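K.L.:
Chain order of the listed sequences is R and V. Just so we're aligned, residue 1 is where the first sequence starts under my numbering, counting upward by one. Just so we're aligned, residue 228 is where the second sequence starts under my numbering, counting upward by one.
Protein chains: 2
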Amino acid sequence: MQFVAEGNINVLDFISSKLRAINVFATSEWKNRYQKEIHGISITEIDGRELSKISTLKTAPEVVAVFAYPKVQKIDWHKTSGMTIMLDDIRDPGNLGTIIRTADWFGIRQIICSEETVDAFNPKVVQASMGSLSRVNLQYNNLQNILKSKPDNLPVYGAVLDGIPIGKVKKEENIIILIGSEAHGISDKLLKFLDKKITIPTLSERGAESLNAAIATAIICYEFSRL
Amino acid sequence: MQFVAEGNINVLDFISSKLRAINVFATSEWKNRYQKEIHGISITEIDGRELSKISTLKTAPEVVAVFAYPKVQKIDWHKTSGMTIMLDDIRDPGNLGTIIRTADWFGIRQIICSEETVDAFNPKVVQASMGSLSRVNLQYNNLQNILKSKPDNLPVYGAVLDGIPIGKVKKEENIIILIGSEAHGISDKLLKFLDKKITIPTLSERGAESLNAAIATAIICYEFSRL
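(1) Please give the ranges of any beta strand (DSSP E) in the region 6-40 of chain R, keeping only runs that are unbroken, at least 3 residues long and fully inside the region.
(2) Give a yes or no on whether the minimum CB-CB distance between PHE333 (chain V) and chain R is below 8 Å.
(3) Cα separation between LYS196 (chain R) and GLY158 (chain R)?
(4) Provide the residue(s) that pair with GLU209 (chain R) in DSSP beta bridges, ordered along the chain.
(5) Counting contacts by CB-CB distance shorter than 8 Å, is SER376 (chain V) in contact with chain R?
(6) Does DSSP put PRO123 (chain R) in a helix, a strand or coil?
(7) Thinking just about the alpha-carbon of each residue, which of V:LYS245, V:TYR261, V:GLU264 and V:VAL291 is nearest to the one in VAL231 (chain V)?
(8) Just to confirm the assignment, what range does the beta strand (DSSP E) spanning ASN368 (chain V) have?
(9) What residues from chain R crowd round LEU239 (chain V), counting only those whose CB sits closer than 8 Å?
(10) When the cut-off is 8 Å and only beta carbons count, does TYR157 (chain R) lie next to chain V?
(11) Exposed or buried, which one is SER132 (chain R) when buried takes at least 16 other CB atoms within 10 Å?
(12) Show which residues of chain V have a CB atom less than 7 Å away from the CB atom of LEU203 (chain R).
(13) On the DSSP letters alone, give me the boundaries of the beta strand (DSSP E) that ASP188 (chain R) sits inside.
(14) Here's a check: name, in chain order, each residue in its chain whose Cβ is nearer than 7 Å to the Cβ of THR325 (chain V), leaving out the five neighbours to either side.
(15) What is the DSSP secondary structure of THR329 (chain V), counted as helix, strand or coil?
(16) Taking one C-beta from the region 363-381 of chain V and one from the region 252-272 of chain V each time, how about it: are there three or more such pairs within less than 8 Å?
(17) Step through the CB atoms of chain V and report whether any lies within less than 8 Å of the CB of MET130 (chain R).
(18) Give the residues of chain R in contact with ALA440 (chain V), contact being defined as C-beta atoms less than 8 Å apart.
(19) Return the chain-ordered list of same chain residues with a C-beta closer than 8 Å to the C-beta of TYR449 (chain V), the five sequence neighbours on each side being excluded.
(20) What are the start and end residues of each continuous beta strand (DSSP E) run of 3 or more residues lying completely inside the region 138-168 of chain R, in chain order?
(21) Measure the beta-carbon distance from ALA270 (chain V) to VAL251 (chain V) and round it to whole angstroms, keeping in mind my assumption that it falls under 8 Å.
(22) What residue from R:SER55, R:SER28 and R:LYS192 has the CA that sits closest to GLN144 (chain R)'s CA?
(23) Alpha carbon to alpha carbon, how far is LYS231 (chain R) from HIS78 (chain R)?
(24) Given a cut-off of 8 Å on the beta-carbon distance, is the pair ALA68 (chain R) and LEU19 (chain R) in contact?
(25) For the beta strand (DSSP E) that ILE85 (chain R) lies in, which residues bound it at each end?
(26) Can you tell me whether SER204 (chain R) is helix, strand or coil according to DSSP?
(27) Quick one: is ARG328 (chain V) near chain R, going by C-beta distance under 8 Å?
(28) How many Å lie between ILE327 (chain V) and VAL387 (chain V) at the Cα?
(29) Which residues of chain V have a Cβ atom closer than 8 Å to the Cβ of GLY94 (chain R), listed in chain order?
(30) Residues of chain V with CB under 8 Å from GLY167 (chain R), in chain order?
(31) Can the beta-carbon of ILE111 (chain R) be found closer than 8 Å to that of ILE177 (chain R)?
(32) Considering only the beta carbon of each residue, do ARG336 (chain V) and ASN364 (chain V) sit closer than 8 Å?
(33) Let me check understanding here. Comparing Cα to Cα, which of V:GLU343, V:LEU438, V:ILE249 and V:GLU432 lies closest to LEU314 (chain V)?
(34) In terms of DSSP beta bridges, what is ILE339 (chain V) paired with?
(35) Compare the C-beta of THR84 (chain R) with all C-beta atoms of chain V and state if any pair is closer than 8 Å.
(36) In the region 257-286 of chain V, which residues sit with their C-beta less than 7 Å from some C-beta in chain R, listed in chain order?
Structure (structure tokens):
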């Protein structure tokens, strides 16, 4: 399986993460500028006009590359020692990419997506992840099976609308955070696996019904990073 | 000036906020279901096939409406008593919509956008704001002029990459938070107005270069809401 990465940050991050570059299309200026970073990798030189034809972006980047999918890493409940994010049917590519980028910022290395979650190698996700996809172990799996077989001493926290205010939750280091879908939250079949239900309190008096899924994930990552 | 709102939450929130509905197109089922909420408003009944033609969404909603732009409120430095968000050239409609939704969640009522910020009544912004646009005072203005004329005792906090870690910043209630653009951060001409530079610390060792602008805004709003 192969996917497309566009623009400097994404392409250089995937190259430096040792992912196999199958084709790299770039301007000759780009090739000269990054000689050191792309040493040993074959580049097809094309001009800006051609790049704008193959790019999905509004403003054509100087480089577009095709990579082989990374190997799926085995789930690691031990070495990870930190938060694992589980995503229950996140549908929006921008949300998924932003969650990956945010997880990377907070040093989270493991993301497990339900099988209905949008494809992480969709160009919009790759773009929104801004290179972070190259630094996070991400896999698709049946979340029910994973939650049944995880170690007993690993608690599952879930973001819901009527849980304990997140500032009052005792923080633990090695946990799973389960994030529900944009439209439906955490699905019924997974709710029973939650050890702690947490909520980001609202200060709105006449207000918003919920937070965006990527925003909620980010605030939780931030709060737990303050351990 | 007029704008389009699509789907239940957005349309009902704008109607309840007393914005003037110029045209409302909905299925007869929708009209019957929300009789109470739409009392006194004239609805044009159309079917799902017609709605899918006028909608910008992948899945056609049951209602699409045209509203008159709200009146721009005067900036209120006193009654607001709380945070004002200033946006310096946010370009992505999804980011702006998400920032509006998040501000609403945390009870923030005033957002001032630079003139280069994407139009808040762009259908993608309206969609991402999930009705919150009806509850937040938002205006476009020259940020330099605003910052020059704001009250002296109102401090300006800015999100930068090398500021004080946000957890260590003494929190104040009545402040301005300045958020820079996705690509360039806070512009040079505005940096000199900052009283405090703040940063969301990263835990990544080989990591992400920055956070998404809407994510950074949300974490700041969350942290300051814990006052």
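C-beta: ideal position from N, C-alpha, C; glycine also. Because the structure is a prediction, the values reported are computed rather than measured.
P.N.:
According to the structure data:
(1) 21-26
(2) yes
(3) 6 Å
(4) Note: GLU209 (chain R) sits in no beta bridge, so no partner.
(5) no
(6) helix
(7) V:VAL291
(8) 364-368
(9) Chain R residues near LEU239 (chain V): none, gap ~11 Å exceeds 8 Å.
(10) no
(11) buried
(12) PHE333, GLY334 and SER452
(13) It is not in any beta strand (DSSP E) - ASP188 (chain R) instead sits in the alpha helix (DSSP H) that spans 188-191.
(14) ALA355 and ALA441
(15) helix
(16) no
(17) yes
(18) Within 8 Å Cβ-Cβ: nothing; ALA440 (chain V) doesn't reach chain R, min ~10 Å.
(19) PHE333
(20) 156-165
(21) It is Ile, not Ala, that sits at residue 270 (chain V) in the sequence shown. Confirmed, Cβ separation roughly 5 Å.
(22) R:LYS192
(23) For chain R, the structure presents residues 1 to 227; residue 231 (chain R) sits outside this window and is missing.
(24) yes
(25) 84-87
(26) coil
(27) yes
(28) 20 Å
(29) GLY321
(30) ARG453
(31) no
(32) yes
(33) V:GLU343
(34) V:MET313 and V:GLN366
(35) no
(36) none
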